[in-house]
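Residue numbers (the working numbering), protein chains in the order written: chain F, 786 to 1117; chain U, 786 to 1117; chain W, 11 to 211; chain G, 11 to 211. The structure appears below as structure tokens.
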Ligand SMILES: Nc1ncnc2c1ncn2[C@@H]1O[C@H](COP(=O)(O)OP(=O)(O)O)[C@@H](O)[C@H]1O
Ligand SMILES: Nc1ncnc2c1ncn2[C@@H]1O[C@H](COP(=O)(O)OP(=O)(O)O)[C@@H](O)[C@H]1O
Ligand SMILES: [Mg+2]
Ligand SMILES: [Mg+2]
Ligand SMILES: [Mg+2]
Ligand SMILES: [Mg+2]
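This is the structure we're talking about:
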């Protein structure tokens, strides 16, 4: 796979420069250049929400900085954690005086760094809380749920927590709702091709021309099985089997569902998969609310797909449908 | 490159089934199944706008059916023209009694078929007009402009003409504005990898691991040169050179610009390119209005990029900024 | 002797049986200068006609009309649309008759050519299927024996293709290949050649 | 004799000169069970320290603090953050002193271990860098000669790695490889091994 870039070591900085140049009304750079904040951050009196993680997943994480979403985001190199200082800067710029929720994916390095960053800003009297996304059902059994990786469920958590903060709720409430959103999401993916981390210069893994890997993580972490390519309906069926076994649904349940491309897989193929998603949810008697089909959480040019089911109650559904806008997504 | 599908021959029908299932409030299938119309089409008294062409370019063409955009679209197999009957059906379902504009890309087969479809519906007293997009500067010199291929400039033409129709203008006015929008767009692209047409089962062309092709068309039509991969800044510079030579800008001009991925190229890399686009337009003294960066006109999982510059006057700018919404794009 | 619906049916069936031989050749000729679907187009067109061939009415005009409609539905690539356009022109010229004298073939080809020119917004001399067609219209002028007609058409096609081979393409997808198209047959001419090859056996 | 900022400077310079040898080995060990960046992490950490090494103050605690901050900035992967955490623990324990007796090394390692456990929210026995570290703290207890300290640490690491090699990983990215991790050294342990290998030369 070929990449359009200048120097692999300036990939992320060049990207951020372009992002802020294209959308100055949305984004601005803060801290040492590796923090992106809402153009109007901090919003006085509003609970701030920050996220952070490696680059290469646009729109996640950086892209979701915006009204009704994140206030700031710390950005590492491609697939690498940002530094403690960058995370602390993100927290500072997000702080409108009502405290800051750290909302991000469960990856060891990110967790240690965000904890350390929290220790740092505590000395500056910024109250912080943490909610981790651990939605990838392929990465640990439900009994060890807290060990799961965080993947595309973040999209729902950002949206829902962002709406709660925008509505003026306090840090404790925003944190409670964010945790409920995180707990309501289950995800699983399948990868068809690797991607290339610019600084590494070669694909993150190799896989046969006729092979796929079920359950693979968004950085190429191992999945459940690797084998021959299956048909779209088989892939969709297996992903839905796993998700519904992990988080059973009953008639009358309301869910949103995200059919997400990891990058290269075109929307045409997401819609082919969506048919089965809808059939299975219909069969379970669940109603689909605001389905999302597209590229929401990616691994650069990796081909593959992930499904996320977010089970809703009235509170979550209200937050999901509330207005929000960033350069990559607009609701309402 | 691997594709997620069932039967290559059902690729387009499966895709349309999923598209309409996911967005029943936006899209509905009409005619023999290969026409997608606004859920509320026809809109009585409004000029209808139809487009059509091969599949595999989402969001183009089908995706841009929506309020303030297209009323209906005829969809062929991947990279193949729809049939005359399908085009005639699209015109019929778009007709709210005020006539229908056919707005599509300049490809021989599509032109002959849309002309024939126009002859058919003429017998049914539906007035039609035609505006062709011919914005790809790499496909013919400016002196033979009418021979150029239509590429991503369609996005601007759909948006602007759609706003004019939504505003209640008559067929003649909508056609005039659409033609002005089409004439204001210049585009050029570069491809890094081919894509695979499902029914063909193999890539549309081959290209070396370290090669790119400048000026290639969105179906793999030949470009200006093929050679070693260049840096992002070199690629952006060459595309801008060509576009600005073809349609010079002077200080005070207002333009919108679309930095478009052909599919696999991630937004990270589009933003890297955007820096140079902005620098060059700044240097020309032109003001950038509503820049678009993303996947607007694609060739499935092809890696590559295209730039489109749309030169605005007050009328075009007003139409560009008017509200519009479809599953892939929301303005206002 | 005259052209009837039975003649048409026989020709369509022959085409359906024989055109598959050239499937790959036509796809790859088109692949060099276009999108590589010309074999597919002819196969789809003949499959489309297959659906209606048994029910073609005695009225030759109506029979042409039905086949034109079948081709329109089945094959929407440029060549398919041009074929349908040509069949439609024949339909107009033969409407209401059950027999069309062979001597009218040359005149029919004139009508076909005129309709295709209008549809394709182009003229002869641009290295397209129109050129061998125009040559056939000329070469068959005054002839009224099917064998003689076929022989004259066959010769005319060969001569036209030889004459155009080294010129650059000026219309359709092949145009953008410019000089690369010199030395290569126009795919549409080759398709016409292969149709006649099948019919003359 | 005692540990001073000069000792620290010498150690950092040795590390910077020698760790490159193991760049590929550490990346690929981490690549088998994680994201393949552990060689990069150590290189970045030592480059980060390089920026400050000349200016490290006499106060050993301040010197540790400055190096901890440098590592935090330069290497934000798990191992880098754990290193920075350990250096920070040393900083706290030696604050305000220009000499730290060698006999305190074992106690320092206890502090480092405690800080890392808290930061990593994990314990010894899970097949991580914590295990050889805990073993070193034990093995160096009561020793006050640098050479003896080094020899004891060296042995302790070897024994710990042998003891854990065939167990499955339970923490970090390696956990998800489960049984595949049996028979493979934990990358973090190997990194610790290589740091000591460089320092002991
Ligand atoms: N405008 C035109 N006028 C006359 N002939 C044309 C025209 N466009 C295409 N052709 C003929 O059709 C052939 C290509 O047919 P086809 O492969 O169906 O086209 P495409 O796939 O580009 O739609 C050309 O080789 C040429 O002979
Ligand atoms: N929570 C933890 N507690 C203790 N040690 C850990 C922890 N997480 C990772 N490690 C150690 O760090 C090593 C991996 O370091 P590194 O490659 O920097 O991690 P990553 O790239 O996954 O952030 C592991 O082999 C392990 O020894
Ligand atoms: Mg063709
Ligand atoms: Mg074609
Ligand atoms: Mg690692
Ligand atoms: Mg790492």
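C-beta atoms are modelled at their ideal positions from N, C-alpha and C, and glycine is treated no differently. Every value quoted in this text rests on a predicted model; they were computed, and no experiment measured them.
Review point. What do you get for residue 1035 (chain F), buried or exposed, if any count of 16 or more other CB atoms within 10 angstroms of its CB means buried?
Key: One-based indexing of the first chain puts residue 1035 (chain F) at position 250. So residue 1035 (chain F) counts as exposed.
Review point. Name the chain F residues whose beta carbon is nearer than 7 Å to that of residue 87 (chain G)?
Key: Here residue 87 (chain G) refers to the residue found at position 77 when the fourth chain is read from its first residue. Within 7 Å Cβ-Cβ: 865, 866 and 894.
Review point. If you measure beta-carbon to beta-carbon, which residues of the region 997–1021 of chain U are closer than 7 Å to chain W?
Key: 1004, 1006 and 1007
Point to revise | CB-CB length for residue 876 (chain F) against residue 911 (chain F), believed under 8 Å | key: Counting from one through the first chain, the residue named residue 876 (chain F) turns up at place 91. Counting from one through the first chain, the residue named residue 911 (chain F) turns up at place 126. Correct: roughly 6 Å between the Cβ atoms.
**Study point:** Boundaries of the beta strand (DSSP E) in which residue 1092 (chain F) is found, first to last residue
**Key:** Here residue 1092 (chain F) is taken as the residue at index 307 of the first chain, counted from 1. It spans 1089–1097 - the beta strand (DSSP E) in which residue 1092 (chain F) sits, taken as one unbroken run.
Review point. Relative to ligand 5, what is the chain-ordered list of residues with a Cβ closer than 6 Å to any of its non-hydrogen atoms?
Key: G:40, G:44, G:45, G:47, G:48 and G:87
Check your understanding: Taking the C-alpha atoms as reference points, what is the distance between residue 24 (chain W) and residue 205 (chain W)?
Key -> The residue you call residue 24 (chain W) lines up with position 14 of the third chain. The residue you call residue 205 (chain W) lines up with position 195 of the third chain. Their Cα atoms are separated by approximately 10 Å.
Check your understanding: Can you list the alpha helix (DSSP H) stretches of 4 or more residues lying completely in the region 21–63 of chain W, in chain order?
Key -> 33–43 and 48–63
**Study point:** residue 908 (chain U), buried or exposed, once every other Cβ within 10 Å from all chains shown has been counted against 16
**Key:** The residue labelled residue 908 (chain U) in the question sits at position 123 within the second chain. With fewer than 16 Cβ atoms within 10 Å of its Cβ, residue 908 (chain U) is classed as exposed.
Exercise for review: Kindly provide the ranges of any beta strand (DSSP E) runs that are 3 or more residues long and lie completely inside the region 983–1037 of chain U, ordered along the chain.
Suggested key: 996–999 and 1010–1013
Point to revise | DSSP state of residue 898 (chain F) mapped onto helix, strand, coil | key: To locate residue 898 (chain F), count along the first chain from 1; it is residue 113. Helix.
Practice item. Report all residues from its chain with a CB closer than 6 Å to the CB of residue 46 (chain G); omit the five preceding and five following residues, and keep chain order. Key: The sequence position of residue 46 (chain G) within the fourth chain is 36, counting from 1. Within the same chain, residue 46 (chain G) has close Cβ partners 37 and 40.
Check your understanding: So with Cβ pairs under 7 Å, would you call residue 897 (chain U) a contact of chain W?
Key -> Within the second chain, the letter at position 112 stands for residue 897 (chain U). Yes - at least one Cβ of chain W is within 7 Å of the one on residue 897 (chain U).
Practice item. Assign residue 1013 (chain F) to buried or exposed, taking buried as 16 or more other Cβ atoms, counted over all protein chains shown, within 10 Å of its Cβ. Key: Within the first chain, the letter at position 228 stands for residue 1013 (chain F). Looking at its Cβ environment, which holds fewer than 16 other Cβ atoms inside 10 Å, residue 1013 (chain F) is exposed.
Point to revise | CB contact check: residue 54 (chain G) to chain F, cutoff 7 Å | key: Taking the fourth chain and counting its residues from 1, the one referred to as residue 54 (chain G) is at position 44. Not an interface residue.
Practice item. Could you check the C-alpha separation between residue 1045 (chain U) and residue 885 (chain U) for me, to the nearest Å? Key: Working through the second chain from its first residue, we reach residue 1045 (chain U) at position 260. Working through the second chain from its first residue, we reach residue 885 (chain U) at position 100. Near 28 Å, if we compare the C-alpha coordinates of residue 885 (chain U) and residue 1045 (chain U).
Check your understanding: Quick one: complete beta strand (DSSP E) runs, 3+ long, within the region 848–915 of chain F?
Key -> 857–863 and 885–890
Practice item. Count the CB pairs spanning the region 970–978 of chain F and the region 844–864 of chain F that are closer than 8 Å, and state whether there are at least three. Key: no
Check your understanding: Mind checking residue 31 (chain G): buried by the 16 CB within 10 Å criterion, or exposed?
Key -> What you label residue 31 (chain G) is simply residue 21 of the fourth chain in a count that begins at 1. Exposed, since its Cβ has fewer than 16 Cβ neighbours within 10 Å.
Practice item. Would you list, in chain order, the members of the region 149–178 of chain W that have their beta-carbon closer than 9 Å to a beta-carbon of chain U? Key: none
Practice item. Tell me, to the nearest whole angstrom, how far the beta carbon of residue 150 (chain W) is from that of residue 162 (chain W); I am working on the premise that it is less than 8 Å. Key: Working through the third chain from its first residue, we reach residue 150 (chain W) at position 140. Working through the third chain from its first residue, we reach residue 162 (chain W) at position 152. Correct: roughly 5 Å between the Cβ atoms.
Review point. In three-state DSSP terms, what is residue 921 (chain F)?
Key: Locating residue 921 (chain F) in the first chain gives position 136, counting from the first residue. It is a strand residue.
Point to revise | Within chain W, the residues that residue 940 (chain U) reaches when beta carbons sit closer than 9 Å | key: Locating residue 940 (chain U) in the second chain gives position 155, counting from the first residue. Here the premise fails: no neighbours, minimum Cβ distance about 22 Å.
Point to revise | beta-carbon residue 140 (chain W) near ligand 1 non-hydrogen atom, thresh 6 Å | key: The residue you call residue 140 (chain W) lines up with position 130 of the third chain. Residue 140 (chain W) Cβ: within cutoff of ligand 1.
Exercise for review: Give a yes or no on whether the minimum CB-CB distance between residue 83 (chain G) and chain F is below 7 Å.
Suggested key: By one-based count along the fourth chain, residue 83 (chain G) stands at place 73. So, interface residue.
Review point. How is residue 824 (chain U) classed by DSSP in three states: helix, strand or coil?
Key: As a first step, residue 824 (chain U) is located in the second chain; it is residue number 39 there, counting from the start. In the structure shown, residue 824 (chain U) sits in coil (DSSP, three-state: anything other than H, G, I, E or B).
Review point. Got a sec: which bits of the region 91–103 of chain G sit with their beta carbon under 8 Å from any beta carbon on chain F, in order along the chain?
Key: 91, 92, 94 and 95
Point to revise | Stretch pair the region 84–101 of chain W + the region 119–126 of chain W: three plus CB contacts closer than 8 Å | key: yes
Review point. Would a C-beta distance cut-off of 7 Å place residue 841 (chain U) and residue 1087 (chain U) closer than the cut-off?
Key: As a working mapping, residue 841 (chain U) is identified with position 56 in the second chain. As a working mapping, residue 1087 (chain U) is identified with position 302 in the second chain. It is not a contact, given that the beta carbons lie outside the stated cut-off.
Point to revise | DSSP state of residue 6 (chain G) mapped onto helix, strand, coil | key: Given that chain G is displayed from residue 11 to residue 211, the structure contains no residue 6 (chain G) and the question cannot be resolved.
Check your understanding: Per DSSP, residue 834 (chain U) forms a beta bridge with which residues?
Key -> Along the second chain, one-based indexing puts residue 834 (chain U) at 49. Partner(s): U:886.
Point to revise | Unbroken beta strand (DSSP E) run spanning residue 1044 (chain F), endpoints | key: Taking the first chain and counting its residues from 1, one reaches residue 1044 (chain F) at position 259. Where residue 1044 (chain F) is concerned, the enclosing beta strand (DSSP E) stretches over 1039–1046.
**Study point:** Cα-Cα separation, residue 1006 (chain U) to residue 940 (chain U)
**Key:** Here residue 1006 (chain U) is taken as the residue at index 221 of the second chain, counted from 1. Here residue 940 (chain U) is taken as the residue at index 155 of the second chain, counted from 1. So the two alpha carbons sit approximately 20 Å from each other.
Review point. Can we count residue 1040 (chain U) as close to ligand 1, meaning its CB is less than 6 Å from some heavy atom?
Key: If you number the second chain from 1, residue 1040 (chain U) lands on position 255. No, the Cβ of residue 1040 (chain U) stays beyond 6 Å of every heavy atom of ligand 1.
Review point. Is it buried or exposed for residue 991 (chain F), if we count other Cβ within 10 angstroms and need 16 for buried?
Key: The residue you call residue 991 (chain F) lines up with position 206 of the first chain. Its Cβ having fewer than 16 others within 10 Å, residue 991 (chain F) is exposed.
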